[in-house]
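Colleague:
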Amino acid sequence: MLRDITLGQYYQTESVVHRLDCRVKLVATLVFIISLFVVDNIWGYVLAAGFLAVCIKLSNVPFKFMVRGMKSILFLMLFAMVFNLFLTPGTPLITIWKLTITMEGVVFAAKMAIRLTLLIIGSSLMTLTTTPNHLTDGLESLLNPLKKLKVPVHEVAMMMSIALRFIPILLEETDKIMKAQIARGADFESGNLIQKAKAMVPIFVPLFIAAFRRANDLAMAMEARCYRGGEGRTKMKPLIYQKRDYIAYTVLLLYLVCTVVVGRVLPI
Numbered sequence: 060m061l062r063d064i065t066l067g068q069y070y071q072t073e074s075v076v077h078r079l080d081c082r083v084k085l086v087a088t089l090v091f092i093i094s095l096f097v098v099d100n101i102w103g104y105v106l107a108a109g110f111l112a113v114c115i116k117l118s119n120v121p122f123k124f125m126v127r128g129m130k131s132i133l134f135l136m137l138f139a140m141v142f143n144l145f146l147t148p149g150t151p152l153i154t155i156w157k158l159t160i161t162m163e164g165v166v167f168a169a170k171m172a173i174r175l176t177l178l179i180i181g182s183s184l185m186t187l188t189t190t191p192n193h194l195t196d197g198l199e200s201l202l203n204p205l206k207k208l209k210v211p212v213h214e215v216a217m218m219m220s221i222a223l224r225f226i227p228i229l230l231e232e233t234d235k236i237m238k239a240q241i242a243r244g245a246d247f248e249s250g251n252l253i254q255k256a257k258a259m260v261p262i263f264v265p266l267f268i269a270a271f272r273r274a275n276d277l278a279m280a281m282e283a284r285c286y287r288g289g290e291g292r293t294k295m296k297p298l299i300y301q302k303r304d305y306i307a308y309t310v311l312l313l314y315l316v317c318t319v320v321v322g323r324v325l326p327i
């Protein structure tokens, strides 16, 4: 299950999406997420799904590699859907004891499931096609106007990049610890919820120790390389927009306009 989490991982391949400027991909991800909450009918979701499908095709990242990341949030999604089914007021459909499933609850739960699915896959596409270093540079460039407000932009971008980079590392560390515990006779499957939670304690303790050790090693490595933040630093590969990036921005603008028109004008 831990290997199914794709957020923060980078898929090495050659594609149009990989070659795009990281700032384009960050803006595109933000616009795509906003568009999911702008649309409110089936045609808007079809447009968003079609746009995402084209992007995935252009990225050359296997679709099954992205979909497997959904397994990690499947329980959370089902839990939220069940709550919306029974707690949304409206026209009753089915009554189970004192709980009633309404038509409005079914519609709202379906929309939420679609939004979450597209949101997770869209966000994964951005991290799968962008290296952590490029993410840091892109975030710093986009947040650069905040420097006038005395916001430590470089440090914020660096922290976000390190957090994303540590996700797959800590998942790999957790997988190793679990296999070591299972080899020593640990059982993480049997028992009730409380017993399963107690069984996770031998995992969390060494995981926190490993996380602090890696953080200390990273801090020492940065100190040894005389890292002093973003003030006055130059970049080996400065970000420069290419023709393909302006084309991507144009396509993104057209998509946003179509989303507003389709999501708000056309009937359900």
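Numbering (the numbering used here), first residue to last: 60 to 327. Ideal Cβ placement from N, Cα and C applies to all residues, glycine included.
1) Could you tell me the alpha carbon to alpha carbon distance between Val97 and Ser183, rounded to whole angstroms?
2) Are three or more beta carbon pairs between the region 138-146 and the region 116-123 nearer than 8 Å?
3) Please report the distance separating the alpha-carbon of Glu73 from that of Leu117.
4) Check whether the Cβ atoms of Ile132 and Leu175 sit closer than 9 Å, and answer yes or no.
5) I'd like to know whether the C-beta atoms of Asn192 and Ser220 end up nearer to each other than 9 Å.
6) How long is the line joining the alpha carbons of Thr154 and Ala108, rounded to whole angstroms?
7) Going by beta-carbon coordinates alone, are Leu95 and Leu177 separated by less than 9 Å?
8) Let's test the definition: count the other Cβ atoms within 10 Å of the Cβ of Val260 and tell me whether it reaches 16, buried, or not, exposed.
9) Which word fits Ala256, buried or exposed, when buried means at least 16 other C-beta atoms lie within 10 angstroms of its C-beta?
10) What three-state label does DSSP hand Pro151 in the structure shown?
11) Identify whether Ile160 lies in helix, strand or coil by the three-state DSSP scheme.
12) Are Thr150 and Met162 touching if we call contact CB-CB under 9 Å?
13) What does the Cβ neighbour count give for Leu158, buried or exposed, with the cut at 16 atoms within 10 Å?
14) Could you spell out where the alpha helix (DSSP H) holding Ala245 opens and where it closes?
15) Please go through the region 220-286 and give each complete alpha helix (DSSP H) segment of 4 or more residues, from N-terminal end onward.
16) For Arg82 versus Gly244, is the C-beta distance shorter than 9 Å?
17) In three-state DSSP terms, what is Tyr70?
18) Can you give me the C-alpha to C-alpha distance between Asp99 and Glu214, rounded to a whole angstrom?
19) Does the pairing of the region 297-306 with the region 265-277 give three or more beta-carbon distances under 8 Å?
20) When we look at the beta-carbon of Asp80 and count the other beta-carbons within 10 Å, is it buried (16 or more) or exposed?
Modeller: Let's see:
1) Taking the first residue of the sequence shown as 1, we reach residue 97 at position 38. Taking the first residue of the sequence shown as 1, we reach residue 183 at position 124. Roughly 21 Å separates the two Cα atoms.
2) no
3) Position 14 of the sequence shown, counting from 1, holds the residue named residue 73. Position 58 of the sequence shown, counting from 1, holds the residue named residue 117. Approximately 10 Å between the Cα atoms of the pair.
4) Position 73 of the sequence shown, counted from the first residue, corresponds to residue 132. Position 116 of the sequence shown, counted from the first residue, corresponds to residue 175. Cβ atoms of Ile132 and Leu175: closer than 9 Å.
5) Looking up residue 192 in the sequence shown gives position 133. Looking up residue 220 in the sequence shown gives position 161. It is a contact, given that the beta carbons lie within the stated cut-off.
6) By one-based count along the sequence shown, residue 154 stands at place 95. By one-based count along the sequence shown, residue 108 stands at place 49. Each residue's alpha carbon lies about 33 Å from the other.
7) Position 36 of the sequence shown, counting from 1, holds the residue named residue 95. Position 118 of the sequence shown, counting from 1, holds the residue named residue 177. In this structure, Leu177 lies closer than 9 Å to Leu95 by Cβ.
8) Counted from its first residue, the sequence shown places residue 260 at position 201. So Val260 counts as exposed.
9) If you number the sequence shown from 1, residue 256 lands on position 197. So Ala256 counts as exposed.
10) Taking the first residue of the sequence shown as 1, we reach residue 151 at position 92. Three-state result, Pro151: strand.
11) In the sequence shown, the residue the question calls residue 160 occupies position 101. Three-state result, Ile160: strand.
12) Residue 150 sits at position 91 when you count from the first residue of the sequence shown. Residue 162 sits at position 103 when you count from the first residue of the sequence shown. A contact, by the Cβ cut-off of 9 Å.
13) Residue numbering aside, residue 158 sits at position 99 when the sequence shown is read from its first letter. Exposed.
14) Residue 245 sits at position 186 when you count from the first residue of the sequence shown. From DSSP, Ala245 is part of no alpha helix (DSSP H); its letter is neither H nor E.
15) 252-258 and 260-283
16) Here residue 82 refers to the residue found at position 23 of the sequence shown. Here residue 244 refers to the residue found at position 185 of the sequence shown. Their beta carbons are not under 9 Å apart, which means Arg82 does not touch Gly244 by this criterion.
17) Position 11 of the sequence shown, counted from the first residue, corresponds to residue 70. Tyr70: coil per DSSP, three-state reduction.
18) By one-based count along the sequence shown, residue 99 stands at place 40. By one-based count along the sequence shown, residue 214 stands at place 155. Distance between the alpha carbons of Asp99 and Glu214: 38 Å.
19) no
20) By 1-based counting over the sequence shown, the position of residue 80 is 21. Buried, since its Cβ has 16 or more Cβ neighbours within 10 Å.
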